[in-house]
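For what it's worth, our numbering labels the leading residue of the sequence shown as 1, then goes sequentially.
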Amino acid sequence: MPTKIDYDFIQKLEGGCQTQGYVPDPESSRSGVTIATGFDLGQRTKQDLIDLGLNTFLVDLLSPYCGYQGEEAEAYLKNHPLTVSDAQAELIDFAVKTQHTLKLEVVYNASIEKDKMPFSALPSQIQTVIASVSFQYGIGLKKRTPKFWQAITEQDWKRTLTILLDFEDRYTTRRNQEAHLLMQIV
1 MPTKIDYDFI
11 QKLEGGCQTQ
21 GYVPDPESSR
31 SGVTIATGFD
41 LGQRTKQDLI
51 DLGLNTFLVD
61 LLSPYCGYQG
71 EEAEAYLKNH
81 PLTVSDAQAE
91 LIDFAVKTQH
101 TLKLEVVYNA
111 SIEKDKMPFS
121 ALPSQIQTVI
131 ASVSFQYGIG
141 LKKRTPKFWQ
151 AITEQDWKRT
161 LTILLDFEDR
171 YTTRRNQEAH
181 LLMQIV
């Protein structure tokens, strides 16, 4: 299932590929220790790491950070700093992108009417915006961002743009950059 997602765009929004573990916004979010391009270990289990196809070394290195969120994650990281090599960060990114994109495409295609374009046929800008929001909110966009999900599955791109510009979350800069990308074709 080839896609046209601009992962460089998403990587910039995620703060780039990080080799040092960090916890984004520990006081106000459910984020955990994060590594590579926004790979949040607070949302993961050891089994998730195995299911991603990560090698045993990476599973053993990353699994102690799984499940810790917010200030608890920050405290754990302070006592147990996490560092990966550039090559390891790239392996993590590849595994995450592959699994996430496959799941996103399946969920999206199962949610659209038969007369709508499947995910693989959507323009790059649209695929990228959908993937960007889903990398931040997870595959369950229907539940976490219902207005956005309805607009994208109905393929109402003008409404999608309006929603991005008034998303009602704390990530206005990111949503505005996604909206700017979508404006290229709407």
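Glycine is no exception: its CB is placed at the ideal position from the N, C-alpha and C atoms.
Taking the straight line between their C-alpha atoms, what separation do you get for residue i and residue j?
i, j, result
"Glu105", "Asn79", "39 Å"
"Lys4", "Thr19", "26 Å"
"Phe167", "Arg175", "7 Å"
"Lys114", "Ser120", "14 Å"
"Ile35", "Gly42", "11 Å"
"Pro81", "Ile50", "22 Å"
"Tyr76", "Tyr65", "8 Å"
"Arg44", "Met117", "32 Å"
"Ser124", "Asp6", "7 Å"
"Ile126", "Lys12", "17 Å"
"Leu165", "Gln155", "17 Å"
Given residue i, which residues of its chain have a CB within under 8 Å of its CB, disregarding the five upstream and five downstream residues?
i, result
"Leu54", "Leu62, Leu91, Ile92, Ala95"
Report whether the distance from the Cβ of residue i to the nearest heavy atom of the ligand FMN is below 7 Å.
i, result
"Glu113", "The model depicted lacks the ligand FMN and carries no ligand whatsoever."
So if DSSP puts residue i in a beta bridge, which residue, or which two residues, is it bridged to?
i, result
"Thr83", "Gln20"
"Phe39", "Ile35"
Just reading off the beta strand (DSSP E) that residue i is part of, what are its end residues?
i, result
"Thr34", "34-36"
Once you ignore the five residues that flank residue i on each side, which residues in its own chain have a CB closer than 7 Å to its CB?
i, result
"Thr97", "Checking the displayed sequence, the identity of residue 97 turns out to be Lys instead of Thr. Counting only Cβ-Cβ distances below 7 Å, and skipping sequence neighbours, we find Tyr7."
List the endpoints of the continuous alpha helix (DSSP H) containing residue i.
i, result
"Phe119", "Note, Phe119: premise wrong, no alpha helix (DSSP H); not H, not E."
"Pro146", "146-153"
Is the stretch 20-39 touching the stretch 57-73 in the sense that three or more CB pairs, one from each, lie closer than 8 Å? Three or more Cβ pairs closer than 8 Å define a contact, and the stretch 57-73 meets that threshold against the stretch 20-39.
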